[in-house]
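Step one of this worksheet: look at the structure below.
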Amino acid sequence: MKFGEAGATWLFWLVPIVFFLLIRAGHRRKSAMAAFAGKGLDEITRAYDPVRKKAKDAVVVIAVILIAVSLLRPQWGFKWQEVKRQGLDILIALDTSNSMLAEDIRPSRLERSKLDIKDFVKKLKGDRVGLIAFSGTAFLQCPLTSDYGGFLLTLEDVDVDTIPVGGTSISRAVDLALRSYEGGKNEHKVLIIITDGEDLEGGLDEVIERARAEKVMISCVGIGTEEGELIPLKGEEGKKGFLKDREGNVVKTRLDEATMQKLALATGGVYVRSRGAESGLDIIYDRRLSNIEKKDLESKMEKNWTERFQLPLALAFFLLLLEPLMGERKRET
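Everything in the sequence shown is counted per the working numbering, starting at 882 for the first residue and increasing by one.
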């Protein structure tokens, strides 16, 4: 036996409350009769049976207990049922290079991307999602999972210090993604890259060919502006400065869409520029991912328990109907 709503045990607090109200009502009734009848109270209550009154009260209390039990949804007896979970395998590769600190997209490119990913996860229904962080190299921060809560906890910890190697290598992110999928039909593998597009390492042609061979659809979200922005850095004693190159010149980072457009076009994906309130991830999901036929990601046998709440609920209603019919007078002998 088990309960489908075990958290509803607080309802049993109603039992002592009802019990208290019944006792209080009995005292008030007795006080009212005494005030009305005065010395003639004993004569009026000669036929009154307190035991029968307690029995009526007990019936009400038992009915309340049964109602509370029914709201706990008692279940016993079960049948084995095969449950299939369907969805896509979606890997999100998030650029964590220093250029993502630029604030041309508020609050910053990186923080805006993380907020967009959180909203994107809310749309998923049964899909598995994984997270890759990349800059000069790439690491699988969260393997493909349907535990969205665990995924979001991992996402929260990602920042520009997550990857110790500087630079930006989109090809390494794609390579790691291709090695991270787990079997299944090819058309259900999706990679979404979120970056400002400033690829400093090259090597895209090789991973594009591999992605096409494995039929992995790569979509890209460009975040940033063509005008660009300086890259803020915190200096000593919390003073704000800006990133400089080896010659001491201040570095300005701009959105480079060409690389992302090339990736998306070659693999059957889409490229979208994130524009403030309009999330590129939402557009990718609504236009492309929501229309892909889902695959069976998992099949397992689960116990399908039989609901039995009807039994205590029916008995409770019977007792509540019975209570008004129960008299309080002594039986005549």
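Glycine included, every Cβ here is placed at the ideal spot set by N, Cα and C.
Only a predicted model underlies this, so the values are computations on that prediction, with no experimental measurement involved.
Worksheet item: Can the beta-carbon of Ile1074 be found less than 8 Å from the beta-carbon of Ile1099?
Response: Yes, the Cβ-Cβ distance between Ile1074 and Ile1099 is below 8 Å.
Worksheet entry | Thr1106 beta carbon less than 8 Å from that of Asp985 | A contact, by the Cβ cut-off of 8 Å.
Item to complete: Output the boundary residues of the beta strand (DSSP E) element that contains Asp976.
Response: Here the beta strand (DSSP E) through Asp976 covers Asp970 to Asp976.
Worksheet item: Between Asp1080, Ile904, Val945 and Ala949, which lies nearest to Ala889 when the distance is taken from Cα to Cα?
Response: Checking every option, the nearest Cα to that of Ala889 belongs to Ala949.
Worksheet entry | Glu1082 vs Ser1061 beta-carbon contact at 8 Å | No, these two residues do not count as a Cβ contact at 8 Å.
Fill in: Cα-Cα separation, Ser861 to Phe893
With the chain covering 882 to 1214 only, the question about residue 861 has no answer from this structure.
Item to complete: For the beta strand (DSSP E) containing Pro1024, list its first residue and its last residue.
Response: If you look at Pro1024, you'll find it in the beta strand (DSSP E) that goes Ala1019 to Thr1026.
Worksheet item: Relative to the alpha-carbon of Ile1164, which residue among Met882, Leu982, Ala939 and Phe1001 has its alpha-carbon at the smallest distance?
Response: The candidate whose alpha carbon is nearest that of Ile1164 is Phe1001.
Item to complete: Determine which residues share a DSSP beta bridge with Ile1099 and list them.
Response: Ile1099 is bridged to Leu1072.
Practice prompt. Spell out a yes or no on whether the segment 1086 to 1097 and the segment 1124 to 1133 are touching, meaning 3 or more CB-CB pairs, one atom from each, closer than 8 Å.
Written response: Inter-segment contact for the segment 1086 to 1097 and the segment 1124 to 1133 is absent: fewer than three beta-carbon pairs are separated by less than 8 Å.
Worksheet item: Taking the alpha-carbon positions, what's the Ser978 to Lys995 distance?
Response: Cα to Cα, the separation comes out at about 14 Å.
Fill in: beta-carbon Thr1140 near the ligand SAH non-hydrogen atom, thresh 7 Å
Of the ligands one can find in the structure shown there are none, so the ligand SAH has no counterpart to examine.
Item to complete: Leaving aside the five residues before and after Ala1054 along the sequence, list all residues of the same chain whose C-beta is less than 6 Å from its C-beta, in chain order.
Response: For Ala1054, same chain residues with a beta-carbon under 6 Å away, outside a window of 5 residues either side, are Ala974, Ile1013, Phe1015 and Ala1019 in chain order.
Worksheet entry | Status (buried if at least 16 other CB within 10 Å, exposed otherwise) for Ala1145 | Ala1145 should be labelled buried.
Worksheet item: Where does the unbroken alpha helix (DSSP H) through Leu991 begin, and where does it stop?
Response: Start and end: Arg990 to Lys1004.
Fill in: Thr1140 classed as buried or exposed, judged by whether at least 16 other C-beta atoms fall within 10 angstroms
Result: buried.
Practice prompt. Give me the Cβ distance between Leu982 and Val1041, rounded to the nearest whole Å; I'm assuming they're in contact under 8 Å.
Written response: With a Cβ gap of about 6 Å, Leu982 and Val1041 count as contacting.
Discussion item. My output table needs one value for Ile1013: the three-state DSSP class, helix, strand or coil.
Written reply: Ile1013: strand per DSSP, three-state reduction.
Practice prompt. Compute the beta-carbon to beta-carbon distance between Leu1021 and Ser1052, rounded to the nearest angstrom, for a pair I have assumed lies under 8 Å.
Written response: About 16 Å separates the two Cβ atoms, so there is no contact after all.
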